[in-house]
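Residue numbers (this note's numbering): 4 to 330.
Working notes, structure below.
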């Protein structure tokens, strides 16, 4: 197999064989590709020839915009096509999650992989990560534009406290499970939150549980707001979500807080960090008629405070991983 990415030109062509697909830190991005190929072999699939993979990307590097999951899904989609594996999109997502958890070593959930596998044009998806059931909802809100705001402060999930937060939630779950008969913290109803917190002695665990329970409820409210085309409620939920991610889950940081605060100061209706945090990107909803002004003022304010030039992307919702005919 030979891999090349135009975003990592200094690495040149990375060449590996099926005999050695072990993780190699010098291979950087290509480890995600290698992990998928190895997972296919471990599952018993026959890969009777290699392939050349050339990648171009419009995603800012280390931005928290699911670039690793994108590479994984792209690779399994290619393998599924070339080797006639017969995997469903859900199975492709699950195999990619296995790579992230076991090969890369990040205790992520299924969200990134599943949305990249199952994404639909102009639709958000309410996802039950226990059952993998999906409920699409239209994202078009008249008069508003979705904007990704990149802090250009890079982050790596394996170097962050992501796995630490995962463990903290499991520690809390171990304590609360006997009292509530639950499998996941998000099954605790907000009306039972005070009781749940009273069973915890650790203030850190209390903060994590408070975030998980209320964020789960906000997610369901956000779906209803989109269903009702209620941009005001949706934007307020975004703001509350960021505050909780900052204060209760503690996965934000100076750069994300600065760009979210600046966007809201200059007229964004709603904004919050997106991704695993500790740098990366935020997402905002802005009135279309004001979007260019808000972006410019937010850019200047953020750069003045951090001495880093941010990037902004007006975005739309498109289909998940797919094949285009060559032109």
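We treat Cβ as the ideally placed atom computed from N, Cα and C, and that holds for glycine.
It should be emphasised that the depicted structure is a prediction, and the values quoted were computed from it without experimental measurement.
Residue 284 by DSSP, collapsed to three states: which one? Indexing the chain shown from 1 puts residue 284 at position 281. Reduced to three states, the DSSP call for residue 284 is strand.
For the stretch 246-261 against the stretch 116-129, do three or more pairs of beta-carbon atoms, one drawn from each stretch, fall closer than 8 Å, so that the two count as touching? Output reads no: the stretch 116-129 does not touch the stretch 246-261.
Find the nearest neighbour of residue 148 within the set 317, 324 and 184, judged by alpha-carbon distance. Stepping through the chain shown from its first residue, residue 148 is reached at position 145. Relative to the Cα of residue 148, the nearest Cα in the group 317, 324 and 184 belongs to 317.
Alpha helix (DSSP H) segment containing residue 12, residue limits: Taking the chain shown and counting its residues from 1, one reaches residue 12 at position 9. Segment: none, residue 12 is in no alpha helix (DSSP H) and carries neither H nor E.
Which residues share a DSSP beta bridge with residue 136? Against the chain shown, residue 136 aligns to sequence position 133. BP columns for residue 136 point to 131.
Distance check for residue 6 and residue 326, CA to CA, integer angstroms please. Within the chain shown, residue 326 is the residue found at index 323, counting from 1. Within the chain shown, residue 6 is the residue found at index 3, counting from 1. Each residue's Cα considered, the two are about 19 Å apart.
Three-state class that DSSP yields for residue 318 in the structure shown: Within the chain shown, numbered from 1, the residue matching residue 318 stands at position 315. Looking at residue 318 - three-state DSSP - the assignment turns out to be strand.
Host beta strand (DSSP E) of residue 273 (start-end): To locate residue 273, count along the chain shown from 1; it is residue 270. DSSP places residue 273 in the uninterrupted beta strand (DSSP E) bounded by 273-277.
Note the first and the last residue of the continuous beta strand (DSSP E) segment covering residue 331. The shown model of the chain, from 4 to 330, leaves out residue 331, and the question about it has no answer.
Flag this pair as yes or no: are the beta carbons of residue 60 and residue 76 separated by less than 7 Å? Residue numbering aside, residue 60 sits at position 57 when the chain shown is read from its first letter. Residue numbering aside, residue 76 sits at position 73 when the chain shown is read from its first letter. Contact: no.
Please report the residue range of the beta strand (DSSP E) in which residue 21 lies. Taking the first residue of the chain shown as position 1, residue 21 is located at position 18. Taken as a continuous stretch (DSSP letters only), residue 21 belongs to no beta strand (DSSP E), as it is neither H nor E.
Could you check the C-alpha separation between residue 124 and residue 285 for me, to the nearest Å? In the chain shown, counting from the first residue as 1, residue 124 sits at position 121. In the chain shown, counting from the first residue as 1, residue 285 sits at position 282. Cα atoms of residue 124 and residue 285: separation of roughly 21 Å, rounded to the nearest angstrom.
Where do the N-terminal and C-terminal ends of the alpha helix (DSSP H) with residue 301 fall, by residue? Indexing the chain shown from 1 puts residue 301 at position 298. For residue 301, the enclosing alpha helix (DSSP H) covers residues 294-309.
So does the stretch 50-60 actually touch the stretch 261-275, counting three or more Cβ pairs closer than 8 Å? Per the Cβ contact rule, the stretch 50-60 is not in contact with the stretch 261-275 (fewer than 3 Cβ pairs under 8 Å).
For a test of the three-state rule: what should DSSP assign to residue 73, helix, strand or coil? Locating residue 73 in the chain shown gives position 70, where the first residue counts as 1. Helix, per DSSP.
If residue 207 sits next to residue 171, beta carbons under 8 Å apart, how far is it from one beta carbon to the other, in whole angstroms? Taking the chain shown and counting its residues from 1, one reaches residue 207 at position 204. Taking the chain shown and counting its residues from 1, one reaches residue 171 at position 168. With a beta-carbon spacing of about 6 Å, residue 207 and residue 171 fall inside the 8 Å limit used to define contacts.
At what residues does the alpha helix (DSSP H) containing residue 244 begin and finish? Residue numbering aside, residue 244 sits at position 241 when the chain shown is read from its first letter. In the DSSP assignment, residue 244 falls within the alpha helix (DSSP H) that extends over 234-250.
Classification of residue 131 by the beta-carbon crowding that lies within 10 angstroms, buried from 16 upward: One-based indexing of the chain shown puts residue 131 at position 128. When all chains shown are included, residue 131 counts as exposed.
Span separating the alpha-carbon of residue 177 from that of residue 105: Counted from its first residue, the chain shown places residue 177 at position 174. Counted from its first residue, the chain shown places residue 105 at position 102. One Cα belongs to residue 177, the other to residue 105, and the distance between them is close to 22 Å.
Going by DSSP, what residue range makes up the beta strand (DSSP E) through residue 148? Position 145 of the chain shown holds residue 148. Residue 148 -> beta strand (DSSP E) spans 147-153.
In terms of residue numbering, what span does the alpha helix (DSSP H) encompassing residue 88 cover? As a position in the chain shown, residue 88 is number 85, starting the count at 1. Note, residue 88: premise wrong, no alpha helix (DSSP H); not H, not E.
Rounded distance between the beta-carbons of residue 203 and residue 215, thought under 8 Å: Numbered from 1 along the chain shown, position 212 holds the residue referred to as residue 215. Numbered from 1 along the chain shown, position 200 holds the residue referred to as residue 203. Incorrect: roughly 12 Å between the Cβ atoms, too far for contact.
Cβ neighbours of residue 161 in the same chain (closer than 8 Å, five flanking residues each side left out): Here residue 161 corresponds to residue number 158 of the chain shown, with the count starting at 1. Legend: pLDDT at residue 161 = 46, less than 50; position of this residue unreliable, no value from coordinates given.
Please work out which residues of its chain come closer than 8 Å, Cβ to Cβ, to residue 302, disregarding the five sequence neighbours upstream and downstream, and give them in chain order. Numbered from its first residue, the chain shown carries residue 302 at position 299. So the qualifying residues of the chain are 312, 313 and 315.
Where does residue 26 land, buried or exposed, given buried means 16+ other C-beta within 10 angstroms? Position 23 of the chain shown holds residue 26. Counting other Cβ atoms within 10 Å of its Cβ, residue 26 stays below 16 and is therefore classed as exposed.
Proximal residues to residue 319 (C-beta, below 6 Å), its chain only, five neighbours per side dropped: As a first step, residue 319 must be located in the chain shown, where it is residue number 316. Within the same chain, residue 319 has no close Cβ partners at all.
Hey, quick one: how far does the alpha helix (DSSP H) through residue 257 stretch, first residue to last? The sequence position of residue 257 within the chain shown is 254, counting from 1. Going by DSSP, residue 257 is part of the alpha helix (DSSP H) stretching over 257-268.
Backbone CA spacing between residue 270 and residue 238 [nearest angstrom]: As a working mapping, residue 270 is identified with position 267 in the chain shown. As a working mapping, residue 238 is identified with position 235 in the chain shown. Each residue's alpha carbon lies about 12 Å from the other.
Within the continuous alpha helix (DSSP H) that includes residue 333, where are the two ends? One cannot answer for residue 333 here, as it falls past the ends of the chain, which runs 4 to 330.
State the Cα-Cα distance for the pair residue 279 and residue 12, rounded to the nearest angstrom. Your numbering for residue 279 matches position 276 in the chain shown. Your numbering for residue 12 matches position 9 in the chain shown. Each residue's alpha carbon lies about 26 Å from the other.
How would you write the range of the alpha helix (DSSP H) that residue 181 sits in, first residue to last? Translated into the one-based positions of the chain shown, residue 181 becomes position 178. Residues 165-183.
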